[in-house]
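Data block below; observations after.
Protein chains in written order, with this note's numbering: chain A, 14 to 127; chain B, 443 to 632.
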C-alpha cells in the first residue's frame with residue numbers, strides 16, 4: 014500500500030529537519046568542507062548556537078569536525094561524513110516527494126464568518 | 443526550498459561569488475579599450491604590450507589579496523574541484539570547436555561570442571535569477587556579435603571587445619559581490 018504524505022512527514026529525521034541543521038547540512042553537501050566562520054556567515058547563527066548544532070550533528074555521525082591552529086588562531090573545519098551525505102540526499106528526496114504530494118491537494122473551501 | 447537552493451548555490455559557487463577578485467582584472471581591458479578609441483587621451487598611461495602585462499600581473503596580485511579579504515570576512519569553503527574543472531574543460535572545448543567551425547564556414551555572426559552569451563545567460567538564470575546581472579553581460583555579448591552584420595569597422599570592434607571584456611568583468615565583479623553580501627546578510631538578519 015502506498016504511504017500517505019503525513020506518514021512521510023513522520024518519517025523525516027528530526028536531527029536533520031531542524032531548520033538550522035538542515036541549512037548547515039545543505040551547505041556542507043555543496044562542498045568538500047567548510048570552516049566555522051563560513052557556516053556562521055551563511056546561517057547567521059551565533060557561535061554558541063552553531064557549536065550546539067554541530068555537536069548534535071557530530072554525535073549523530075553526520076559530520077566530522079577537525080580542529081587545528083592557523084598560526085596563533087584556532088581553526089575549525091567541518092565536513093560531511095559519507096553517512097551524512099547519504100542522509101541529506103535522502104532527506105531532500107523525501108521533502109521533494111512531500112512537496113509533490115501536497116501540491117496535489119485541493120485547498121479547503123473558505124467558510125465566511127456569520 | 444528556495445532558501446535551501448540559495449544556500450546550496452552560494453556554497454557551491456562561493457569562490458566565483460567573491461566578485462571583487464575580478465575587479466582589478468577589468469582595469470587593463472578598460473584602459474586598452476579607451477586607448478584604442480582615444481589614443482591621445484591615454485598617451486602617458488602604460489597600455490603598451492609590456493604595460494598591459496604589468497597591469498595584468500598587478501591585477502592578479504590584487505585579486506589574490508582580495509581573495510584573502512573574503513576569507514577573513516566570510517570564511518572558507520572548499521569546492522569540488524573536479525566539477526568546476528570539468529565545466530571549464532567542456533566550455534573551452536565547445537568555444538574552440540565553434541571557433542574552428544566559424545573558420546571553416548564563415549557565419550555572419552561570431553558563433554563563439556554567441557556561445558559565451560548563452561553560457562552567461564544560463565548563469566544569470568540559475569538559482570532563481572540570483573545572478574541576474576549576468577543577463578546584462580549576455581545581452582552585451584549578443585549585441586557585440588551583431589556588430590559585423592551592422593558593418594562596424596574592425597578597429598571599433600577591437601575597442602568594443604576590450605570594453606566588453608573589461609565592462610563585463612566589472613559588472614560581474616560588483617554584481618557577484620552584492621549577491622554574496624546579500625545572501626550572507628539575509629541569513630544573519632533572519
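Where a beta carbon is used, it is the ideal one built from N, C-alpha and C, also for glycine. This one's a predicted model, so the numbers in the text were calculated from it and none came from an experiment.
Below-7 Å beta-carbon distance, residue i vs any chain B residue
i	result
residue 45 of chain A	yes
residue 40 of chain A	yes
residue 31 of chain A	no
residue 114 of chain A	no
residue 36 of chain A	yes
residue 82 of chain A	no
residue 50 of chain A	yes
Buried/exposed call for residue i, threshold 16 Cβ in 10 Å
i	result
residue 525 of chain B	exposed
residue 56 of chain A	buried
residue 514 of chain B	exposed
residue 488 of chain B	Because residue 488 of chain B sits at a pLDDT of 48, beneath the cut-off of 50, its placement in the model cannot be relied upon, and the following sentence gives the value as read from the coordinates. Looking at its Cβ environment, which holds fewer than 16 other Cβ atoms inside 10 Å, residue 488 of chain B is exposed.
residue 99 of chain A	exposed
Test: residue i CB closer than 7 Å to a CB of chain A
i	result
residue 488 of chain B	Summary for residue 488 of chain B: the model assigns pLDDT 48, below 50, so the residue's position carries little reliability, and this model does not support an answer.
residue 565 of chain B	no
residue 507 of chain B	no
residue 572 of chain B	no
residue 589 of chain B	no
residue 518 of chain B	yes
residue 618 of chain B	no
residue 623 of chain B	no
residue 446 of chain B	yes
residue 530 of chain B	no
residue 453 of chain B	yes
residue 607 of chain B	no
Selected residue, minimal CA-CA separation from residue i, among the options
i	options	result
residue 31 of chain A	A:104, A:113, A:115 and A:60	A:104
residue 609 of chain B	B:600, B:594 and B:582	B:582
residue 448 of chain B	A:28, A:42 and A:29	A:42
residue 511 of chain B	B:461, B:454, B:532 and B:492	B:461
residue 592 of chain B	B:560, B:551, B:624 and B:606	B:551
residue 494 of chain B	B:479, B:474, B:480 and B:506	B:474
residue 548 of chain B	B:535, B:590 and B:508	B:590
residue 67 of chain A	A:83, A:115 and A:38	A:38
Supposed close pair residue i, residue j - CB separation, criterion 8 Å
i	j	result
residue 562 of chain B	residue 587 of chain B	That pair is no contact at about 12 Å.
residue 459 of chain B	residue 621 of chain B	6 Å
residue 568 of chain B	residue 451 of chain B	7 Å
residue 34 of chain A	residue 69 of chain A	7 Å
The ligand FMN heavy atom lying under 6 Å from the CB of residue i
i	result
residue 621 of chain B	Only the bare structure without any ligand can be found here, which leaves the ligand FMN out of the picture.
Is it true that the region 92-105 of chain A meets the region 70-80 of chain A, where meeting means three or more beta-carbon pairs spaced less than 8 Å apart? yes
Tell me whether the region 555-574 of chain B and the region 614-629 of chain B touch, counting them as touching only if at least three CB pairs, one residue from each stretch, are closer than 8 Å. The region 555-574 of chain B, when compared against the region 614-629 of chain B, does touch it at the 8 Å Cβ threshold.
Quick test of the definition: if touching needs 3 or more C-beta pairs under 8 Å, does the region 532-549 of chain B touch the region 499-519 of chain B? No: the two stretches stay apart, fewer than three of their Cβ pairs being nearer than 8 Å.
For the region 45-54 of chain A against the region 515-522 of chain B, are there 3 or more C-beta pairs whose distance is under 8 Å? yes
Residues of the region 54-65 of chain A with Cβ closer than 8 Å to any Cβ of chain C, in chain order: The chain labelled as chain C is not found among the protein chains of the depicted structure, namely A and B.
I want to know whether the region 78-88 of chain A touches the region 107-115 of chain A - three or more CB-CB distances under 8 Å. no
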